[in-house]
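One structure is given below, encoded as structure tokens.
Number of protein chains: 2
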Amino acid sequence: MSTTTAYDDLCRRHERQHRLAHLQSIASWDQSANMPAKGNEARSLALAEMGGLLHQLATDGALKELLARAEGEALDEVQRANLREMQRAWRASNALPQALVEAKSLANSRCEHAWRSQRPANDWAGYVENLREVVRLHREEAKFLADSSGLGLYDALMDQYEPGMRAAEVDRVFGDLRSWLPGLIRDVQAKQAQETTLQPVGPFSKAAQRALGHDAMQLMGFDFEAGRLDESAHPFCGGVPEDVRMTTRYREDSFMQSLMGTIHETGHGRYEQNLRRDWLGQPIANARSMGLHESQSLSFEMQLGSHPAFASLLRPLLVKHLGDQPAFEEGNLHRLLTRVHPGYIRVDADEVTYPAHVILRYEIERPLIEGLIEVDDIPALWDAKMMELLGLDTRGNYKDGCMQDVHWGGGLFGYFPCYTLGAMYAAQWFAAMRREMPDLDARIARGELSAVFDWLNAKIWSQGSRYETPELVQRASGETLNPAHFKAHLQSRYL
Amino acid sequence: MSTTTAYDDLCRRHERQHRLAHLQSIASWDQSANMPAKGNEARSLALAEMGGLLHQLATDGALKELLARAEGEALDEVQRANLREMQRAWRASNALPQALVEAKSLANSRCEHAWRSQRPANDWAGYVENLREVVRLHREEAKFLADSSGLGLYDALMDQYEPGMRAAEVDRVFGDLRSWLPGLIRDVQAKQAQETTLQPVGPFSKAAQRALGHDAMQLMGFDFEAGRLDESAHPFCGGVPEDVRMTTRYREDSFMQSLMGTIHETGHGRYEQNLRRDWLGQPIANARSMGLHESQSLSFEMQLGSHPAFASLLRPLLVKHLGDQPAFEEGNLHRLLTRVHPGYIRVDADEVTYPAHVILRYEIERPLIEGLIEVDDIPALWDAKMMELLGLDTRGNYKDGCMQDVHWGGGLFGYFPCYTLGAMYAAQWFAAMRREMPDLDARIARGELSAVFDWLNAKIWSQGSRYETPELVQRASGETLNPAHFKAHLQSRYL
Ligand SMILES: [Zn+2]
Ligand SMILES: [Zn+2]
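Keeping their order, the protein sequence lines are chains A and B.
FYI, in our numbering the residues of the first sequence are 3 to 497.
FYI, in our numbering the residues of the second sequence are 3 to 497.
Rendered as structure tokens:
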């Protein structure tokens, strides 16, 4: 006698999960930003309890039939899209046997934990023992996901972060990139070798940097009534769409990394803050993908940050909070913001060399998952590719080489391409904006950044997961992923 | 074929509730201390969802039989006590029909919300309309609780906050208090009229007060690896035992209220921080009662705060953070810490006049719940009792009279006695300490406050809810509640 549709039932279930996940997000943020040491065990147990509960709700036995019934119900276009995302979430939660989920989680934690001391000790031999088990389990995961989805092994993993993206497409765009990037890096370096750039002279107090960061977030349109900036050891953008919790960390000898990191996270934060309010609680409201998310942070940090006019927007904030100094002169500031320098560490890389790091990871992690290479092959491949792509010698230097970050140790296989796909999408957005708004650069120079933000809001933020990525990209920019825009952007900015 | 006892099953269920409630506590603290305005709706929905889930777990149909079966199992003394507390929790969660719980919650929220604007407008007529409904529902609640427990109406409500305490006992101890308190207040005022007391001269920056508060918490033994101090509009002590979240608020023109409030909350915080770690997650670990909790905060704020030696412990902290000034001279500081002044507002009251406010509330709320008076009778009773107990005229001044706080509007009937029971217990602890440690006052004067803290830890904090209150009090102090110690304390401190 119930008049409730299966679709309505599903919506209520997702809303419930959304509300409970809210508490998990805030408590996780608190764990990084506030929590004193002795709270850690109880917090971890509480979060694990909630993780188990959310998993239980996501794998509830009733869902399969509800999803099937909802398929046959009369739904409008938005509901249909929401149902598609519900099904995606259901598949993601139900594809793996519980024993594998637990084994993965254990192996990842063990590998990450040991890595913290193995990395400073340059202990590849120790690390590889744990990594081997992580890789074994993630190959198993890839097999399960591939079997249930019909995708290739690597595609099945990548699909978790970038739904719809396939290795064949990554090969196409990264193949193009690979053909011109090393040459471009050399050309830019040759050009910049002629320039003199003054380094800012510190120290820069935390309090001043905190105030500077707030003003920079204000410049980038962050809504402080729906979010905060705090400190944590590893900067991230967390919280919930209604209350975004960004973090940064300050070094008194240098402010640029924290400042540009804050601007980067503000891009992530505004995407979340502007997801459609009336959809929140449903999967359709969620940000489309990791690559799309990164396209927002990179629109802020790179597309705007390396814009020739951006230095003049930033300069008054620096002078206000840090006092004036010769390095803050606009031309010098722009040179600082666009400095290209091949280095070992991905997270410290500039806009031009960053994709080389990502190509390298992709070219290793894909055959690794596909079983074509083994973990013991990683260092030699790493050394060869670092030399080829960036001209750097990493032999024997594991800690600044294949042990520099813990993505693989933590099981994040298939994630790396998102960084560079994000950079490509960001370039594509700005190309589209310039077609629609021929005076865009003049507006940016006048500080009218809302031209950019309004476009991103209309085309990306407010669209959530309504469309599959290719359709979203097509609707936003008039074409699907086109790496030519990224190339044109780098050439025009850096040559 | 299960070898699990019903008792083990119950323990696991309570542990699960404890872990989920952890997230609720931290998210509630965050709502008061951190959350920006636009996060409120989503946070409230998330907390309500969790509240519903915890209620569902606490009223699970299987519990009744599990509790009955556990009764018959072989349990040691600690397990037996834990089972007693599980039963208490079960009765509390299951005594009321869900419809009444929801109606109460709605009426309380409505009354509290309206009170925020009605109080400044002195709008008794408006307030009384909402309060009437709140009282009606809480009389209904009292009836349900009394029917299921066999207690009197008021006792049934009070038992939620102070298990085992009965109105007959409150009558006995408050009756004694009432006979000598007004005379004592007059005598102290006459004595203090001879004294000259300098007021501290501000302003006192927030940053300096924050640092002062931290040092005061350190002096009082707060473990900063298991808790924090932050700011909120209404100071409280929240969080979880493993990670206590205290809050305060700062006024730049005055530091004393925030400082002594912080010392008060530190007493609550240390009780929580020192609940037995190996019991945490089970009801037996919990603080015994609201009165016992208040006996800790008042041991810190009043028993130590009004101690003649305390000014000399506080003075160096004031000088360090606020600079020196004549008001910080030790004798003057002690006079400031022990200033007695009858006033309208309970929360601003000193140690001597505070019980008068509580007696007044008790003498009104009890007959109100018992149906002997109606809400319309409150103002006249209030006026008469304020005149009788404190010599103050409150006629027509509702906002500083019966509308000054929102305990009744929020449905907290039966709670007020805990404040003064706490003050009495605190005096009783110090009397017992002095019997056991004849040099206690000398040790306090030397700043060896650990003598006090170790005693409280051994006798109260680490005992959790192992014993019913009378037994806990007897074991701690060698006798059950004896108001003579409170009288002796006030006389020796203030006359
Ligand atoms: Zn990012
Ligand atoms: Zn208190």
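Just so it is clear, CB atoms sit at the ideal spot from N, CA and C, and this is done for glycine as well.
Source: prediction; values computed, not measured.
query = Between which two residues does the alpha helix (DSSP H) harbouring L338(A) extend?
reply = It spans E332 to L339 - the alpha helix (DSSP H) in which L338(A) sits, taken as one unbroken run.
request  = Below 9 Å between beta carbons is the criterion; list the residues of the segment 200–229 of chain B that meet it against any residue of chain A, in chain order.
outcome  = D225, F226, E227, A228 and G229
task = Any chance you could list the residues with Cβ under 6 Å from a heavy atom of ligand 1, keeping chain order?
result = H266(A), H270(A), E296(A) and S299(A)
key: Proximity test, Cβ basis, 8 Å: H24(B) and chain A   = yes
task = Kindly indicate if chain B contains any beta-carbon less than 8 Å away from that of R18(A).
result = yes
query = V242(B) lies in the beta strand (DSSP E); which residues open and close that run?
reply = C239 to V242
message = Am I right that I265(A) and F302(A) are in contact with their C-beta atoms under 8 Å? What's the rounded C-beta distance?
response = 5 Å between Cβ atoms; contact.
task = Provide the residue(s) that pair with L231(B) in DSSP beta bridges, ordered along the chain.
result = M248(B)
query = So, is the C-beta of D11(A) closer than 8 Å to a C-beta in chain B?
reply = Not one chain B Cβ lies under 8 Å of D11(A).
task = Enumerate in chain order the residues of its own chain whose CB-to-CB distance from A289(B) is below 6 Å, with the five nearest sequence positions on each side excluded.
result = Y273 and H295
query = Using a Cβ-Cβ distance under 8 Å, would M3(A) count as near chain B?
reply = With a pLDDT of 45 at M3(A), under the threshold of 50, the modelled position of this residue cannot be trusted; read the value that follows with caution. M3(A) does not count as touching chain B.
ask   = How about V242(A): is its C-beta nearer than 8 Å to some C-beta of chain B?
value = For V242(A), the nearest beta carbon of chain B is closer than 8 Å to its own beta carbon.
inquiry  = Taking the alpha carbon of H236(A) as the reference point, which residue from L55(A), V349(A) and A39(A) has its own alpha carbon closest?
reply    = The shortest Cα separation from H236(A) among L55(A), V349(A) and A39(A) belongs to V349(A).
ask   = Is R253(A) helix, strand or coil by DSSP?
value = strand
query = DSSP state of F206(B), grouped into three classes?
reply = coil
Whole-angstrom distance between V203(A) and R253(A), CA atom to CA atom = If you draw a straight line from the Cα of R253(A) to the Cα of V203(A), it is about 13 Å long.
inquiry  = Under DSSP, the alpha helix (DSSP H) around V172(B) begins and ends at which residues?
reply    = If you look at V172(B), you'll find it in the alpha helix (DSSP H) that goes A169 to A195.
ask   = How would you list, in chain order, the residues of chain A whose beta-carbon sits under 8 Å from the beta-carbon of A158(B)?
value = The contacting residues do not exist; A158(B) stays about 32 Å from chain A at best.
inquiry  = By the three-class DSSP mapping on this structure, what secondary structure does P472(A) have?
reply    = Looking at P472(A) - three-state DSSP - the assignment turns out to be helix.
request  = Take the Cβ of M3(B) as the centre, count every other Cβ of all protein chains shown within 10 Å, and call the residue buried at 16 or more, exposed below.
outcome  = At M3(B) the pLDDT is 45, less than 50, meaning the model places this residue with poor confidence; the figure from the coordinates comes in the next sentence. Classification for M3(B): exposed.
inquiry  = Residues of chain B with CB closer than 9 Å to the CB of D385(A), please, in chain order.
reply    = Within 9 Å of the CB of D385(A), no CB atom of chain B is found; the nearest one sits about 43 Å away.
key: For T249(B) and A35(B), believed in contact at Cβ under 8 Å, the rounded distance   = 6 Å
key: Nearest to T268(A) (by Cα), restricted to the options C113(A), L383(A), L282(A) and R230(A)   = R230(A)
task = List the endpoints of the continuous alpha helix (DSSP H) containing N42(B).
result = Unbroken alpha helix (DSSP H) run through N42(B): N42 to A60.
query = What are the start and end residues of each continuous beta strand (DSSP E) run of 3 or more residues lying completely inside the segment 356–428 of chain B, in chain order?
reply = Listed in chain order, nothing qualifies, since the segment 356–428 of chain B has no complete beta strand (DSSP E) run of 3 or more residues.
inquiry  = Here's the rule: buried if 16 or more other CB atoms are within 10 angstroms of the residue's CB, otherwise exposed. What is H115(A)?
reply    = The residue in question, H115(A), is exposed, as its Cβ has fewer than 16 Cβ neighbours within 10 Å.
request  = Return the Cβ separation of A48(A) and L25(B) in integer angstroms, given the expectation that the two are a contact with Cβ distance under 8 Å.
outcome  = About 5 Å separates the two Cβ atoms, so the contact holds.
request  = For D78(A), count neighbouring Cβ atoms within 10 angstroms of its own Cβ and tell me buried if that reaches 16, exposed if not.
outcome  = exposed
inquiry  = Just to confirm before moving on: does the CB-CB distance between E164(B) and G293(B) stay below 8 Å?
reply    = yes
ask   = Would you call the CB atoms of A29(A) and R18(A) closer than 8 Å?
value = no
inquiry  = Taking its Cβ as the centre, do 16 or more other Cβ atoms sit within 10 Å of L108(A), making it buried, or is it exposed?
reply    = exposed
task = List the residues of chain B whose Cβ lies closer than 7 Å to the Cβ of D47(A), in chain order.
result = Before going further, note that residue 47(A) is Leu rather than Asp in the sequence given. Under a criterion of Cβ atoms nearer than 7 Å, the residues of chain B adjacent to L47(A) are, in order, R21.
query = To the nearest angstrom, how far is it from the Cα of W431(B) to the Cα of H409(A)?
reply = Straight-line measurement puts the Cα of H409(A) at about 56 Å from the Cα of W431(B).
ask   = If we count the other Cβ atoms within 10 Å of its Cβ and call it buried at 16 or more, is Q382(B) buried or exposed?
value = First, the residue type needs correcting, since residue 382(B) is Ala and not Gln in the sequence shown. Result: exposed.
query = Taking the continuous alpha helix (DSSP H) assigned at M258(A), which residues delimit it?
reply = M258 to Q275
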